[in-house]
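**Q** The sequence shown begins at 2 in the UniProt record's numbering and counts up one residue at a time.
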Amino acid sequence: KQFDTIIRGGTVVTAADTIRCDVGIRDGIVTTLGADLQDEGAHVINASGLLVMPGGIDSHIHLDQPSGPGIVMADGFDSGTLSALCGGNTTVIPFAFQDKGQSLREAVKIYHDKAEGQSWIDHSFHMIISDPTKDVLECELPAMVDEGYTSYKVFMTYEGLRLDDRQILDLLEVARRHGAFIMVHAEGYDTIRYMVEKLEAEGRTEAFSHALSRPQLVEREATHRAISLAEFIDVPMLLVHVSAREAMEQIRWGQQKGLKIYGETCPQYLMLTQDDLDREGQEGAKYICSPPPRDRDSQEACWEGLQQNVFQVFSSDHCPFLFEGTTGKLREGEHTSFCRVANGVPGVETRLPILFSEGVSKGRIDLNRFVALSSTNHAKLYGMYPKKGTIAVGSDADIALWDPIKKVTITHEMLHSACDYTPYEGVEITGWPVTVLSRGVVVLDNGKVTGKRGHGQYQSRERSPQSVRR
Ligand code: DUC
Ligand code: ZN
Ligand code: ZN
Ligand code: ZN
Numbered sequence: 002k003q004f005d006t007i008i009r010g011g012t013v014v015t016a017a018d019t020i021r022c023d024v025g026i027r028d029g030i031v032t033t034l035g036a037d038l039q040d041e042g043a044h045v046i047n048a049s050g051l052l053v054m055p056g057g058i059d060s061h062i063h064l065d066q067p068s069g070p071g072i073v074m075a076d077g078f079d080s081g082t083l084s085a086l087c088g089g090n091t092t093v094i095p096f097a098f099q100d101k102g103q104s105l106r107e108a109v110k111i112y113h114d115k116a117e118g119q120s121w122i123d124h125s126f127h128m129i130i131s132d133p134t135k136d137v138l139e140c141e142l143p144a145m146v147d148e149g150y151t152s153y154k155v156f157m158t159y160e161g162l163r164l165d166d167r168q169i170l171d172l173l174e175v176a177r178r179h180g181a182f183i184m185v186h187a188e189g190y191d192t193i194r195y196m197v198e199k200l201e202a203e204g205r206t207e208a209f210s211h212a213l214s215r216p217q218l219v220e221r222e223a224t225h226r227a228i229s230l231a232e233f234i235d236v237p238m239l240l241v242h243v244s245a246r247e248a249m250e251q252i253r254w255g256q257q258k259g260l261k262i263y264g265e266t267c268p269q270y271l272m273l274t275q276d277d278l279d280r281e282g283q284e285g286a287k288y289i290c291s292p293p294p295r296d297r298d299s300q301e302a303c304w305e306g307l308q309q310n311v312f313q314v315f316s317s318d319h320c321p322f323l324f325e326g327t328t329g330k331l332r333e334g335e336h337t338s339f340c341r342v343a344n345g346v347p348g349v350e351t352r353l354p355i356l357f358s359e360g361v362s363k364g365r366i367d368l369n370r371f372v373a374l375s376s377t378n379h380a381k382l383y384g385m386y387p388k389k390g391t392i393a394v395g396s397d398a399d400i401a402l403w404d405p406i407k408k409v410t411i412t413h414e415m416l417h418s419a420c421d422y423t424p425y426e427g428v429e430i431t432g433w434p435v436t437v438l439s440r441g442v443v444v445l446d447n448g449k450v451t452g453k454r455g456h457g458q459y460q461s462r463e464r465s466p467q468s469v470r471r
C-alpha cells in the first residue's frame, strides 16, 4: 500500500505557502503532497474546513529542573509533554541544567533519565552552562556539540547561575570555534541586586516589587552588553524571553548592523502587564517571571518584533510552579518575599492558541508567519530542519490540524499541565488545534488524547546553520 494515512481536503500551511491539497504519509514520513490522493487501505483523516500545519516546536520550556532549595517544578516530562501535545506541539526543547561542579555529561544524563519512557512527543535538550571550567569549555563542550547537543543557554543574572562577562567571552570563543549556538538570558545582575536590597530594606516585599527590581533598563543594558560581546567574538546569539521595547530595539540595532542576532518573545509579554503583579492578596505571585511583564507599549513592541522579524521565534518559557503548597511560589507562606518567589509562569499548552487567536484571528500576523514563529524558525535555528518544522516530502509527519473558528475560553481545568493555575484564566480564543500527528501517529484525535506516554523520542540535533562558518 502507498500510504498509511491520508489527510484529505484541508488547507496545508507552511512558512512559505498556503495550498489546498492532501497529505500522504507512510512510515511516519510525509511522502506525497497532491490533489485527491487515493489508497483503499489508508486511514483517511477528513480535514475539510481545517488548517493543516506543522506541529508546534516549543524551543523554550523547563521541565523538572531544580530551581532552588525546596522548590519543585510542577511538570516533569510526562505532564509537561502531554500538555504541549494538547496545545498543538509535536516537539519540545527543554533545558538540561549543569549544576556547579557537574560535567555536562553528568548533567545531560540526568535529563535523559527523567525523560526516558515519559515523553508524549519528541524532545531534545539545550544545556544551561553554570560552571564553564577549562575542562568543560575546551574538552567537553566540543565533543557534546559533535554528539548533537548544539545549543547552550547562559544567564547574566541569578546567584549560582550567572556567568560574568569574561566567562561569557570564553564560552562565545569556544562556541565560535565549534559551531555551538548560544542563547542568553539578559538581565543585569548587579543592578537587580542593588534594587532588591533597597526594596527589602524598606519592607517592600510584595509581588509588585519584582517588577520594580528589574525595570526595562536592566534588560536593555544587559541585552546591549550581550550583543556587544557577540559582536566582539563574531558569533551568532539568540536573546531569549525579550519582554519590552527597549531590549527589542537593541536587538533590532544589532540586526541592522548586520550581526547575527536573533530574538525570542513569549505569550506573557503579549498578554500580561506589571499590573498583574499588583493583584489582590498573594495572587500577584502567579505572574512573577523574569523578565517581568511590562506595560501596554511593551506588548505593542513585542507584536512589532514578531511582525518585523526582530523576533524569529515565539516560545512559551513554560516554567511551572504550584501557586499553593509547600514546594511552589508561596512555599514560605503568604508573606513570601517577592525575591524568594520562584520565577516563571506555565504556558506550554496555551502558547499556540494565544498566538493564533491574538495574532492570526485578530489580523496582526498571517498564517505563514504563524507557522514560521511557532515551528519552522525553531527547527531552522536549532538544527532540526527540514526533518522537523515543515510539511514537505521527506519530513517527519508532525502535523497539527487547526479549526480556525473554534471558540474556547481558557480555564485551568481544561489544561493538562500539573500546575494549579494558568495566568490566562478566562481569555477567549478563536482557533484551536483539534488533531495532532506525531511521526504519522494520531496522538490527539478531535480533542481526545490517543497518544501514549513514551511515544516521544529524543532528537539529536545538527549545528545551527547560523553557527556553521564558511
Ligand atoms: N528564565 C527563564 O528562562 N525561565 C524562567 C525564569 C528565568 O529567569
Ligand atoms: Zn568541534
Ligand atoms: Zn531565562
Ligand atoms: Zn526559561
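Even glycine gets a Cβ: it sits at the ideal position worked out from N, Cα and C.
(1) By Cβ distance, which residues of its chain are closer than 6 angstroms to L353, with the 5 residues on each side in sequence left out?
(2) Quick one: Cα of V444 to Cα of D59, how far?
(3) Which whole runs of the beta strand (DSSP E) in the region 147 to 186 are 3 residues long or more, in chain order?
(4) Between the alpha carbons of A401 and D23, how many angstroms are there, rounded?
(5) Which same chain residues end up closer than 8 angstroms to S80 when comparing Cβ atoms and leaving out the 5 residues on each side of it in sequence?
(6) Under three-state DSSP, which class holds W254?
(7) When the Cα of L138 is compared with those of Q103, I30, H124, F324, which residue comes out closest?
(8) Helix, strand or coil: which one does DSSP assign to W304?
(9) What did DSSP end up calling S60 once you bin it into helix, strand or coil?
(10) Along the chain, where does the beta strand (DSSP E) that runs through A97 open and close?
(11) In this structure, what does DSSP give as the bridge partners for S439?
(12) With a Cβ-Cβ cutoff of 7 angstroms, do D399 and S338 count as a contact?
(13) Using only the alpha-carbon positions, how far apart do V236 and L173 sit?
(14) Run through DSSP, which three-state label would I289 get?
(15) Could you tell me whether any non-hydrogen atom of ligand 4 is closer than 6 angstroms to the CB of D399?
(16) Applying the criterion that 16 or more other CB atoms from any shown protein chain within 10 Å of the CB defines a buried residue, is E247 buried or exposed?
(17) Please check the pair S299 and Y263, which I expect to be a contact at CB under 8 angstroms, by giving their CB distance rounded to whole angstroms.
(18) For ligand 1, I want to know if H186 counts as a neighbour, meaning its beta carbon is within less than 6 angstroms of at least one of the ligand's heavy atoms.
(19) With a CB to CB cut of under 6 angstroms and the five nearest residues on each side skipped, what residues in its chain are close to L323?
(20) Would you report the Cα separation of R332 and G348, rounded to the nearest angstrom?
(21) For V342, which of Q251, H113, M184, H211 has the nearest alpha-carbon?
(22) Quick check on F233: does DSSP put it in helix, strand or coil?
(23) Going along the chain, which residues of its own chain have a beta-carbon closer than 6 angstroms to the beta-carbon of G189, five neighbours each way excluded?
(24) Leaving out the 5 sequence neighbours to the left and right, which residues in its chain are closer than 6 angstroms to V346 when beta-carbon positions are compared?
(25) Can you tell me whether DSSP reads R295 as helix, strand or coil?
(26) Which residues share a DSSP beta bridge with R341?
(27) I'd like the span of the alpha helix (DSSP H) that includes M196, first residue to last.
(28) Between V14, L239, G457, which has its C-alpha nearest F315's C-alpha?
(29) If you measure from each CB to the nearest heavy atom of ligand 4 and keep those under 7 angstroms, what residues do you get, in chain order?
(30) Classify I392 as helix, strand or coil using the three-state DSSP reduction.
(31) Judging by CA-CA distance, which residue of G71, T82, A48, G50 is the nearest neighbour of H61?
(32) Going along the chain, which unbroken runs of the beta strand (DSSP E) with 3 or more residues stay wholly within the region 20 to 91?
(33) Confirm, please, whether the CB-CB distance from G457 to D123 is below 7 angstroms.
(34) Quickly, what does DSSP pair T134 with across the bridge? List them, please.
(35) Using beta-carbon positions only, say whether S468 and F156 come within less than 7 angstroms of one another.
(36) Buried or exposed: where does T391 fall if 16 or more other Cβ atoms within 10 Å of its Cβ makes it buried?
**A** Concretely, from the data shown:
(1) Here the question's residue 353 lines up with position 352 in the sequence shown. Same-chain partners within the cutoff: G57, G88, G89, S375.
(2) Against the sequence shown, residue 444 aligns to sequence position 443. Against the sequence shown, residue 59 aligns to sequence position 58. For V444 and D59, the gap between their C-alpha atoms comes out near 17 angstroms.
(3) As far as the region 147 to 186 is concerned, its whole beta strand (DSSP E) runs of at least 3 residues are 152 to 156, 182 to 186.
(4) The residue labelled residue 401 in the question sits at position 400 within the sequence shown. The residue labelled residue 23 in the question sits at position 22 within the sequence shown. Going by the C-alpha atoms only, they are around 14 angstroms apart.
(5) Position 79 of the sequence shown, counted from the start, is the residue given in the question as residue 80. Only residues of its own chain outside the window of five on either side were considered, and among them H417, S418, A419 have a CB closer than 8 angstroms to the CB of S80, listed in chain order.
(6) As a position in the sequence shown, residue 254 is number 253, starting the count at 1. Three-state DSSP puts W254 in a helix.
(7) What you label residue 138 is simply residue 137 of the sequence shown in a count that begins at 1. Check the Cα spacing between L138 and each of Q103, I30, H124, F324: the tightest is with Q103.
(8) For this step, residue 304 is matched to residue 303 along the sequence shown. Residue state, collapsed to three classes: helix.
(9) Counted from its first residue, the sequence shown places residue 60 at position 59. Strand at S60.
(10) Start at 1 with the first residue of the sequence shown, and residue 97 comes out as number 96. Where A97 is concerned, the enclosing beta strand (DSSP E) starts and stops at 90 to 98.
(11) Position 438 of the sequence shown holds residue 439. V442.
(12) Sequence index remark: in the sequence shown, residue 399 carries index 398 (1-based). Sequence index remark: in the sequence shown, residue 338 carries index 337 (1-based). No, the pair does not count as a contact, with Cβ atoms beyond the cut-off.
(13) As a first step, residue 236 must be located in the sequence shown, where it is residue number 235. As a first step, residue 173 must be located in the sequence shown, where it is residue number 172. Straight-line Cα distance between these residues: approximately 7 angstroms.
(14) In the sequence shown, residue 289 corresponds to position 288, counting from 1. The answer is coil: DSSP assigns I289 none of H, G, I, E or B.
(15) Position 398 of the sequence shown, counted from the start, is the residue given in the question as residue 399. It does not: the Cβ of D399 is nowhere closer than 6 angstroms to a heavy atom of ligand 4.
(16) In the sequence shown, counting from the first residue as 1, residue 247 sits at position 246. Burial call: buried.
(17) As a working note, residue 299 is residue 298 in the sequence shown. As a working note, residue 263 is residue 262 in the sequence shown. So it is not a contact: roughly 19 angstroms between Cβ atoms.
(18) Sequence index remark: in the sequence shown, residue 186 carries index 185 (1-based). Result yes, Cβ under 6 angstroms from ligand 1.
(19) For this step, residue 323 is matched to residue 322 along the sequence shown. Same-chain partners within the cutoff: A75, G329, D421.
(20) Translated into the one-based positions of the sequence shown, residue 332 becomes position 331. Translated into the one-based positions of the sequence shown, residue 348 becomes position 347. Cα-Cα distance, rounded: 21 angstroms.
(21) By 1-based counting over the sequence shown, the position of residue 342 is 341. From the listed residues Q251, H113, M184, H211, the smallest Cα separation to V342 is found for H211.
(22) Residue 233 sits at position 232 when you count from the first residue of the sequence shown. Of the three classes helix, strand and coil, the one that applies to F233 here is helix, per DSSP.
(23) Mapped onto the sequence shown, residue 189 falls at position 188. Taken in chain order, the residues that qualify are V219, E222, A223.
(24) Counting from 1 along the sequence shown, the entry for residue 346 is found at position 345. Taken in chain order, the residues that qualify are Q269, C290, P424.
(25) Numbered from 1 along the sequence shown, position 294 holds the residue referred to as residue 295. DSSP, read as helix, strand or coil, puts R295 in coil.
(26) Within the sequence shown, the letter at position 340 stands for residue 341. The partner list for R341 (beta bridge, DSSP) is empty, contrary to what the question assumes.
(27) Numbered from its first residue, the sequence shown carries residue 196 at position 195. Where M196 is concerned, the enclosing alpha helix (DSSP H) stretches over 190 to 202.
(28) In the sequence shown, the residue the question calls residue 315 occupies position 314. Of the candidates V14, L239, G457, the one whose C-alpha sits nearest the C-alpha of F315 is L239.
(29) Chain-ordered list of matching residues: H61, H63, V241, H242, D318, C320, G345.
(30) For this step, residue 392 is matched to residue 391 along the sequence shown. Correct three-state label for I392: coil.
(31) By 1-based counting over the sequence shown, the position of residue 61 is 60. Closest in C-alpha terms to H61, from the list G71, T82, A48, G50, comes T82.
(32) Counting whole runs of 3 or more residues, the region 20 to 91 contains the beta strand (DSSP E) stretches 23 to 27, 30 to 35, 44 to 47, 52 to 55, 57 to 62.
(33) Within the sequence shown, residue 123 is the residue found at index 122, counting from 1. Within the sequence shown, residue 457 is the residue found at index 456, counting from 1. The answer is yes: Cβ separation under 7 angstroms.
(34) The count along the sequence shown starts at 1 and reaches residue 134 at position 133. According to DSSP, which records beta bridges pairwise, T134 is partnered with nothing at all.
(35) To locate residue 468, count along the sequence shown from 1; it is residue 467. To locate residue 156, count along the sequence shown from 1; it is residue 155. The answer is no: Cβ separation not under 7 angstroms.
(36) Counting from 1 along the sequence shown, the entry for residue 391 is found at position 390. Looking at its Cβ environment, which holds 16 or more other Cβ atoms inside 10 Å, T391 is buried.
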